[in-house]
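Residue numbers (my numbering), protein chains in the order written: chain A, 19 to 132; chain B, 455 to 567. Here is the structure we will look at, set down as structure tokens.
Quick look at the structure:
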């Protein structure tokens, strides 16, 4: 039962353009969403997050949008840079007694070409 | 400030053997979670330890067990290894009062042959 899905295994964009990474979820109990970036041989690094009570959160070049009715979130990177090339994971946290359990998507490989 | 430290970085074991992976949390963190990341997949939650007790567990068999020590460091033990246990094992630490502030280690790559 894949509760968090990233349907695009890979994305290729030109430097300076916008990168849009998508994530869908099925569990209505998710109350907090996070994006992680992962380079080879390193652990996931936190990028940006959003609470379910908001629909947008912005941090520099990174913006996350949340559409609760569609159970969909997206990460926008503008402008994209070659150093952004990595695997991006969407993760979700359910409220209540789920404590620290994060449910991850399968990841999207982003390649930014110079 | 050291982040999350995991050891060893790589490990090769034979089917049926047992393995112990270790994790030292980031300074100031008191909670440790373990994740399994199979090739081409996202990390999957194994369990979380807080105050030396298992607080929550994911959908993993009892062959997977853990421990947290008074200094907050943690071990993940896997018994009767199967080929399917080959994966990257990630440790994430956090501060119990800040539920979303997870910091991940670089992981231990376990290969079962």
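Cβ atoms here follow ideal geometry from the backbone N, Cα and C, with glycine treated the same way.
Practice problem: Please report how far the alpha carbon of residue 486 (chain B) lies from the alpha carbon of residue 505 (chain B), in whole angstroms. | Solution: 10 Å
Quiz item: Just to confirm, are residue 80 (chain A) and residue 68 (chain A) a CB contact at a threshold of 8 Å?
Solution: no
Quiz item: Closest Cβ-Cβ distance between residue 21 (chain A) and chain B: below 8 Å?
Solution: no
Practice problem: Would you tell me roughly how many angstroms separate the C-alpha atoms of residue 30 (chain A) and residue 495 (chain B), rounded to the nearest one? | Solution: 19 Å
Exercise. Verify the CB distance criterion: does residue 60 (chain A) have a CB-CB separation below 8 Å to chain B?
Key: yes
Practice problem: Decide if residue 46 (chain A) is buried, meaning its Cβ has at least 16 other Cβ atoms within 10 Å, or exposed. | Solution: exposed
Quiz item: Is the shortest distance between the beta-carbon of residue 90 (chain A) and the beta-carbons of chain B less than 8 Å?
Solution: no
Quiz item: Does DSSP put residue 537 (chain B) in a helix, a strand or coil?
Solution: helix
Quiz item: Within this structure, are the beta carbons of residue 123 (chain A) and residue 561 (chain B) separated by less than 8 Å?
Solution: no
Exercise. Could you name the residues of the same chain whose beta carbon sits closer than 6 Å to that of residue 475 (chain B), not counting the 5 residues immediately before and after it, in chain order?
Key: 530, 543, 562
Quiz prompt | C-alpha distance - residue 565 (chain B) paired with residue 58 (chain A), whole-angstrom precision | solution = 17 Å
Quiz item: Are the beta-carbon atoms of residue 37 (chain A) and residue 127 (chain A) separated by less than 8 Å?
Solution: no
Quiz prompt | Boundaries of the beta strand (DSSP E) in which residue 510 (chain B) is found, first to last residue | solution = 507 to 511
Quiz item: Closer than 8 Å, CB to CB, is residue 107 (chain A) near chain B or not?
Solution: yes
Self-check item: residue 15 (chain A) in three-state terms, based on DSSP
Solution: There is simply no residue 15 (chain A) to check, as chain A begins at 19 and stops at 132 in what is shown.
Self-check item: When A:40, A:52, A:42 are compared against residue 555 (chain B), the one with the closest alpha-carbon
Solution: A:52
Exercise. Spatial neighbours of residue 105 (chain A) within its chain, please: CB distance less than 6 Å, with the 5 preceding and 5 following residues excluded, ordered by chain position.
Key: 56, 125, 127
Quiz item: How would you write the range of the beta strand (DSSP E) that residue 485 (chain B) sits in, first residue to last?
Solution: 485 to 491
Quiz item: In whole angstroms, what separates the C-alpha of residue 499 (chain B) from that of residue 480 (chain B)?
Solution: 19 Å
Quiz item: Between residue 74 (chain A) and residue 42 (chain A), is the Cβ-Cβ spacing less than 8 Å?
Solution: no
Quiz item: Can you name the start and end residues of the beta strand (DSSP E) that residue 55 (chain A) belongs to?
Solution: 48 to 56
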